[in-house]
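Under my numbering, the first residue of the sequence shown is numbered 138, with each subsequent residue one higher.
Cβ atoms here follow ideal geometry from the backbone N, Cα and C, with glycine treated the same way.
Since the structure is predicted, the reported quantities are computational estimates derived from the model, not experimental observations.
Some notes on the structure that comes next.
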Amino acid sequence: MKLLSIVIAASLCLFAQDGMPKDGKKYHVIFEMTAGEQPRLEGVIRNIDNIKIALGPENVVVDIVLHGGAILSYVKDKTTLASEWERLAQSGVELLACGNSMKMRGIAKESLLPNIRVVDSAVAELVRKQQAGWQYLRNGN
Numbered sequence: 138m139k140l141l142s143i144v145i146a147a148s149l150c151l152f153a154q155d156g157m158p159k160d161g162k163k164y165h166v167i168f169e170m171t172a173g174e175q176p177r178l179e180g181v182i183r184n185i186d187n188i189k190i191a192l193g194p195e196n197v198v199v200d201i202v203l204h205g206g207a208i209l210s211y212v213k214d215k216t217t218l219a220s221e222w223e224r225l226a227q228s229g230v231e232l233l234a235c236g237n238s239m240k241m242r243g244i245a246k247e248s249l250l251p252n253i254r255v256v257d258s259a260v261a262e263l264v265r266k267q268q269a270g271w272q273y274l275r276n277g278n
């Protein structure tokens, strides 16, 4: 009996270590960023990578919406994170830009990086996603 308990405990540890949920659920997560400082943006990118690892990329749908000062990170000639945003988009993360923040800063849609979808309002998008059952994460703003 003691050996069986050890085998079960070891198996549970292996399942926990592989980072894959065993419940068959599909998770929906939206991240929000308003702070435009490079370390904070890099932090949210790491968090997105980590959640995809922990839940399994096939088990989680991730969106990120930038507004406020963070919106500049999506602008072609102002960002230093273009390759990171492209990598996330290629991995299935939907990159959302706040239309209100763009208007307020005079940012044209054509000046955005590829793969950015403009939403009317970041705050309204967060409300819509939460109403639809998405998990909301605000990162280091």
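Exercise. Quick one: what's got a C-beta closer than 8 angstroms to residue 99's C-beta in the same chain, skipping five residues either side?
Worked result: Only positions 138 to 278 of the chain appear in this structure, which leaves residue 99 out of reach.
For this session: Closer than 7 angstroms by C-beta to residue 206: which residues in its own chain qualify, once you throw out the five before and the five after it? Chain order, please.
Result: Exclusion of the five residues before and after residue 206 leaves 171, 172 and 173 as the residues of its chain whose Cβ lies within less than 7 angstroms of its Cβ.
Problem set entry | Status (buried if at least 16 other CB within 10 Å, exposed otherwise) for residue 241 | Counting every other CB atom within 10 Å of its CB across the protein chains shown gives residue 241 a total below 16, marking it as exposed.
Exercise. Is DSSP giving residue 226 helix, strand or coil here?
Worked result: In the displayed model, residue 226 falls within a helix according to three-state DSSP.
Exercise. Residue 248: which of 198, 200 and 208 sits nearest, CA to CA?
Worked result: If you compare the alpha carbons of 198, 200 and 208 with that of residue 248, the shortest gap goes to 208.
For this session: Output yes or no for whether 8 angstroms exceeds the beta carbon distance between residue 166 and residue 212.
Result: No. Outside cutoff.
Exercise. Which term fits residue 228, buried or exposed, when burial requires 16 or more other beta carbons within 10 angstroms of its beta carbon?
Worked result: Exposed is the label assigned to residue 228, since fewer than 16 other Cβ atoms lie within 10 Å of its Cβ.
For this session: Evaluate residue 259 with the Cβ neighbour count: other Cβ atoms within 10 Å of its Cβ, from every protein chain shown; 16 or more gives buried, anything less gives exposed.
Result: Answer is buried; the Cβ neighbour count reaches 16.
Exercise. Does DSSP classify residue 200 as helix, strand or coil?
Worked result: Strand.
Exercise. Using CA coordinates, which residue listed in 250, 256 and 187 is at the minimum distance from residue 215?
Worked result: Among 250, 256 and 187, the Cα nearest to that of residue 215 belongs to 250.
Exercise. According to DSSP, which residues form a beta bridge with residue 234?
Worked result: For residue 234, which the question treats as bridged, DSSP gives the partners 203 and 255.
Exercise. Quick one: Cα of residue 274 to Cα of residue 169, how far?
Worked result: Looking at the two C-alpha atoms, the distance is approximately 6 angstroms.
Exercise. Count the other CB atoms within 10 Å of the CB of residue 187; is the residue buried (16 or more) or exposed (fewer)?
Worked result: So residue 187 counts as exposed.
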